[in-house]
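> Numbering (the numbering used here), first residue to last: 24 to 334. For each residue, glycine too, the CB sits at the ideal point set by N, CA and C. The structure follows.
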């Protein structure tokens with residue numbers, strides 16, 4: 024494998040553009056993913072990413088930039104979820120499931136019934152290799168807005184996702200912060216649509232933050248790790264898709280999933296190997312101090328045929 028072979032993709036303008044766009048999308052999604060993970064909005068991200076499909080179709084049919092329709096339907100989705108939840112006894116996760124499946128189904132029906140040049144696979148799975156100048160600028164502008172607003176309000180948003188009650192007690196408007204975060208979520212999803220499509224965008228919104236969450240307990244460090252994972256996986260996935268001749272969005276998500284798996288197993292503090300070593304160390308300490316482990320206690324109870332006495 025020669026250096027010329029490895030650098031071959033960079034000879035094409037569409038690959039260079041795809042790498043740059045993927046890196047931008049990876050950065051924006053990674054930053055917001057930290058807040059999404061801490062807030063527990065993974066399902067909300069999945070809902071909004073699927074529910075914007077009708078907006079994308081309408082934008083194409085009307086000759087409008089796709090980010091307009093997608094963003095509008097993203098806001099409609101979160102508004103509809105909040106409206107139904109506040110006026111019924113149905114729980115939030117149930118409302119999310121009903122709303123996003125209804126809108127996603129509407130989008131699929133529109134694709135099948137309305138004659139257009141929109142290719143279903145490009146919408147569902149993205150087409151970053153075929154991104155044009157207009158789509159490029161739409162992605163850059165939407166991503167820049169989402170990134171700048173999120174970073175400017177990061178301290179207030181961080182306090183809100185950690186402790187809404189405390190945030191409210193010190194004078195922060197948690198209602199406004201909630202809608203700001205939802206708006207940035209919708210805008211970030213719009214940014215990633217061209218890269219991975221409506222199906223896989225939720226992976227870019229969740230996996231970088233989840234990976235970083237396993238590797239550190241500090242939010243600032245978590246954000247940097249998430250960005251490194253997001254950008255690295257975007258570049259590696261895009262680059263690898265050239266040699267594999269596979270779907271670029273799927274390759275990006277596979278790389279992110281691999282990074283998460285590595286963190287899940289090998290994270291120095293919260294990984295499975297570290298947890299196993301900690302359990303073995305605690306058991307060894309119990310044995311050295313003469314304290315019976317739960318297993319020995321169970322054996323004694325079973326041998327005596329009597330229930331274990333309680334204090």
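Determine the burial state of residue 45: buried for a count of at least 16 other Cβ atoms within 10 Å of its Cβ, exposed for fewer.
With 16 or more other Cβ atoms within 10 Å, it is buried.
> For the alpha helix (DSSP H) that contains residue 121, what are its first and last residues?
Here the alpha helix (DSSP H) through residue 121 covers 115-136.
> Considering only the alpha carbon of each residue, which of 69, 40, 286, 33 lies closest to residue 228?
Of 69, 40, 286, 33, the residue nearest in Cα terms is 69.
> Sorted by chain position, which residues of the same chain lie with C-beta nearer than 6 angstroms to residue 82's C-beta, five sequence neighbours on each side aside?
Hits under 6 angstroms: 89, 91, 92.
> What separation, rounded to the nearest whole angstrom, lies between the Cα atoms of residue 195 and residue 188?
Their backbone Cα atoms lie some 10 angstroms apart in a straight line.
> Is the beta carbon of residue 204 less than 9 angstroms from the beta carbon of residue 94?
Contact: no.
> Are residue 242 and residue 181 closer than 9 angstroms when you measure CB to CB?
Yes; because the gap between Cβ atoms is below 9 angstroms, this pair is in contact.
> Does residue 345 come out as helix, strand or coil in the three-state DSSP assignment?
Examination of residue 345 is not possible in this model, given that the chain is present from 24 through 334 alone.
> Can you tell me which of the three DSSP states residue 298 falls into?
If DSSP states are grouped into helix, strand and coil, residue 298 belongs with the helices.
> Tell me where the alpha helix (DSSP H) around residue 202 begins and ends.
First-last of the alpha helix (DSSP H) with residue 202: 197-238.
> Using a Cβ-Cβ cutoff of less than 7 angstroms, which residues in the same chain neighbour residue 61 once the five nearest sequence positions on both sides are dropped?
Same-chain partners within the cutoff: 184, 185.
> Does the structure place the segment 247-261 close enough to the segment 40-58 that three or more beta carbon pairs sit under 8 angstroms?
Short answer: they touch.
> Below 9 angstroms between beta carbons: does that hold for residue 56 and residue 269?
No, they are not a contact pair.
> Should residue 160 go down as buried or exposed, given a rule of 16 or more other Cβ atoms within 10 Å for buried?
By the 10 Å Cβ count, residue 160 comes out exposed.
> Would a C-beta distance cut-off of 9 angstroms place residue 219 and residue 271 closer than the cut-off?
Taking 9 angstroms as the Cβ cut-off, residue 219 and residue 271 qualify as a contacting pair.
> Excluding five sequence neighbours on each side, which residues of the same chain lie with their C-beta closer than 7 angstroms to the C-beta of residue 38?
Excluding positions up to five away in sequence, the list reads 32, 265.
> Hey, how far is the Cα of residue 312 from the Cα of residue 170?
Their backbone Cα atoms lie some 53 angstroms apart in a straight line.
> Report the rounded CA-to-CA distance for residue 128 versus residue 76, giving the unit in angstroms.
The alpha-carbon atoms of residue 128 and residue 76 are separated by roughly 9 angstroms.
> How would you call residue 58, buried or exposed, if buried means at least 16 neighbouring beta carbons within 10 angstroms?
With 16 or more Cβ atoms within 10 Å of its Cβ, residue 58 is classed as buried.
> Taking DSSP as the reference, what is the three-state secondary structure of residue 30?
Coil at residue 30, not helix or strand.
> Where residue 125 and residue 296 are concerned, what is the direct C-alpha to C-alpha distance, given to the nearest angstrom?
Looking at the two C-alpha atoms, the distance is approximately 42 angstroms.
> Between the alpha carbons of residue 273 and residue 307, how many angstroms are there, rounded?
Using only the alpha carbons, I get a separation of about 45 angstroms.
> Is it buried or exposed, residue 301, if we count other Cβ atoms within 10 angstroms and call 16 or more buried?
Burial call: exposed.
> Whole angstroms is fine: what's the gap from residue 130's alpha carbon to residue 191's?
Looking at the two C-alpha atoms, the distance is approximately 38 angstroms.
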